[in-house]
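Take a look at the structure below.
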Amino acid sequence: MTAGPSSPGSEIPGRDRVSLAPGYDISRLIVGGWQLSAGHHRSGPTPDEAVDHLVELADLGYDTFDCADIYTGVEELYGRFLRVWRSTSAGDRPIRIHTKLVPDLGALADIDDAYVRRIVERSLERLGVEALDLIQFYWWDTSVGDWLAAGETLAALQREGAVRHIGVTNFTATEVEALERGAGLDVVSNQIQYSILDRRAEAADGDSSTPLLAFGALAGGFLTPGWVGRADPGLQDLPNRSLVKYRLIIEEFGGWEAYQALLAEIAVIAQAHGVDMATVSLAWVLDQPGVAAAVVGFSSVERMRANRAALALRLTGDDRARIRRITDDAPGPTGDVFALERDRSGPHGRIMRYDLNAD
Ligand SMILES: NC(=O)c1ccc[n+]([C@@H]2O[C@H](COP(=O)([O-])OP(=O)(O)OC[C@H]3O[C@@H](n4cnc5c(N)ncnc54)[C@H](OP(=O)(O)O)[C@@H]3O)[C@@H](O)[C@H]2O)c1
144 MTAGPSSPGS EIPGRDRVSL APGYDISRLI VGGWQLSAGH HRSGPTPDEA
194 VDHLVELADL GYDTFDCADI YTGVEELYGR FLRVWRSTSA GDRPIRIHTK
244 LVPDLGALAD IDDAYVRRIV ERSLERLGVE ALDLIQFYWW DTSVGDWLAA
294 GETLAALQRE GAVRHIGVTN FTATEVEALE RGAGLDVVSN QIQYSILDRR
344 AEAADGDSST PLLAFGALAG GFLTPGWVGR ADPGLQDLPN RSLVKYRLII
394 EEFGGWEAYQ ALLAEIAVIA QAHGVDMATV SLAWVLDQPG VAAAVVGFSS
444 VERMRANRAA LALRLTGDDR ARIRRITDDA PGPTGDVFAL ERDRSGPHGR
494 IMRYDLNAD
């Protein structure tokens, strides 16, 4: 992973872009598309409004957009966005779309070459592109089915030109290594949860040099000013599923009081720099070793504009020490990346949906 050239909308040359592979450099802030899916909430923007917002974000300098085969409606929406973007005066500036291949847990035992090809073909069609820029592979349970054979199909699709780059999501370093060795893949990225509240990536199960694309850097919004000093809402009355997920992470972190103490420190740091708390939370993640980029869930254009300040913020040693004083006392979350979420008997696993890919 190396710093790449600067670009339109760049804040600091070399800080705002990163190269994941030869000839493939991206913005270090990626727009996350889960918030545009039917699964997130019912009252999001209309598709026309969403396309307008995405064009505005591209105008601001965002050039990389994350989605997944299982984010209902988002690949199609990005396809529309790409067509509109190309018709604008800036439309020759490349837009990168990162999608995923997340086979259903219930289908793992039967997944074969044809299944993988069908999902990839569907993503190509929905996006209206000839090749996927990056496909991020996931497998719920590597003890079921032939995940290495699925990886081999991806490698074949890359040789055939349908896929440009292959990444993974929520894999441990050991799994990445096994996939690279067993299926002959060159894995260019691993998308995992990483935030001030969730530092499981630091206790990775092995030495991995795979660039990390961090999601959840704002804990779904919990690491922003709107939550300072608020009473614990519990799990029942939260407005979307992401917040339920991150409220459980707060519990692992030590509970609502520990989280509020952390927010108070972030607020002090933000005030000292004259920036928003979201900017501090994002800059902290971007500064972590191994983090190539943060995938920030789509919010209003104004918030996404403000978030770009994270590319310019330089946290000091004192800022980091303030945060560390709180995080060092946090009991968790612990374990490998995504281990809590894969445990279907535990609170994190019980709220996950494991079978979203069925046609
Ligand atoms: N690979 C995986 O397993 C996985 C899992 C989860 C997510 N992801 C990807 O990562 C992306 C981001 O992760 P995430 O969805 O968990 O959430 P996140 O990025 O931690 O949080 C996004 C939320 O933060 C709020 N926000 C953003 N900027 C803000 C600001 N400046 N001030 C106040 N609030 C702000 C917005 O809430 P409002 O909508 O309320 O404005 C937004 O929905 C997703 O969209 C998806 O593409 C991947």
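According to the numbering used here, the stretch in the sequence shown is residues 144 to 502, in order. Backbone N, C-alpha and C define an ideal beta-carbon position, used for all residues, glycine too.
As the crow flies, the alpha-carbon of A449 is around 12 Å from that of L456.
In this structure, M420 sits away from T459, with a CB-CB distance that is not shorter than 8 Å. Residue ranges of uninterrupted alpha helix (DSSP H) with 4 or more members, entirely inside the stretch 159–204 and ordered along the chain, are 190–203.
For the pair W228 and G222, the CB atoms are not nearer than the 8 Å cut-off. If you look at V227, you'll find it in the alpha helix (DSSP H) that goes V217 to R229.
The shortest CA-to-CA distance from V194 to any of L163, G433 and R226 is the one to R226. In the structure shown, G325 adopts helical secondary structure according to DSSP, grouped into three states. By the Cβ-count criterion, S351 is buried, with 16 or more other Cβ atoms from all chains shown falling within 10 Å of its own Cβ.
The residues D212 and L244, in chain order, have a CB closer than 6 Å to that of I262 in the same chain once the five nearest residues on each side in sequence are set aside. According to DSSP, residue pairing for F280 in a beta bridge involves L244 and V311.
By the Cβ neighbour-count rule, R239 is buried, with 16 or more other Cβ atoms within 10 Å of its own. The C-alpha of A257 is placed about 44 Å away from the C-alpha of A452. For the pair G182 and V439, the CB atoms are not nearer than the 8 Å cut-off. Using a cutoff of 7 Å, the CB of V439 counts as near ligand 1, since one of the ligand's heavy atoms is closer than that.
Nearest C-alpha to G475 among L391, P188 and P432: L391. The beta carbon of D461 sits closer than 6 Å to none of the beta carbons in its chain outside the five residues before and after it. The continuous beta strand (DSSP E) containing G440 extends over residues V434 to G440. Taking G187 as the centre and dropping the five residues before and after it, the same chain places the C-beta of Q178, L179 and A193 closer than 8 Å to its C-beta, in chain order. In terms of CA proximity to V287, L251 leads the group R446, D255, F280 and L251.
With respect to the C-alpha of E264, the residue from L248, E303 and T285 having the closest C-alpha is E303. Ranking D209, R496, N333 and H416 by CA distance to the CA of V480 puts N333 first. Within the same chain, L386 come within 7 Å of G364 by CB-CB distance, once the 5 residues on both sides are set aside. In this structure, the alpha-carbon of N500 lies about 6 Å from that of P246.
Our two residues, Y497 and A299, have alpha carbons roughly 26 Å apart in a direct line.
If the five residues before and after L322 are omitted, its C-beta is found closer than 6 Å to the C-beta atoms of G294 and L328, all from its own chain and listed in chain order. When secondary structure is reduced to three states using DSSP, V330 falls in the strand class. CA-to-CA, the gap between I393 and I169 works out to about 31 Å. Collapsing the DSSP output to three states places R269 in a helix.
Under the three-pair Cβ rule at 8 Å, the stretch 400–414 counts as touching the stretch 465–475. Residues Y167, A274, L275, D276, L277 and Q301 of the same chain have their beta carbon placed closer than 8 Å to that of R307, with the five preceding and five following residues left out of the count. In the structure shown, T422 adopts helical secondary structure according to DSSP, grouped into three states. Spatial neighbours of G433 in its own chain (CB-CB distance under 6 Å, excluding positions within 5 residues in sequence) are listed in chain order as L355. Under the three-state reduction of DSSP, I335 is assigned to strand. Judged by DSSP secondary structure, A357 falls outside any alpha helix (DSSP H) and instead within the beta strand (DSSP E) spanning L355 to F358.
In its chain, beyond the 5 residues on either side, Q336 and S338 have a beta carbon closer than 6 Å to the beta carbon of G359.
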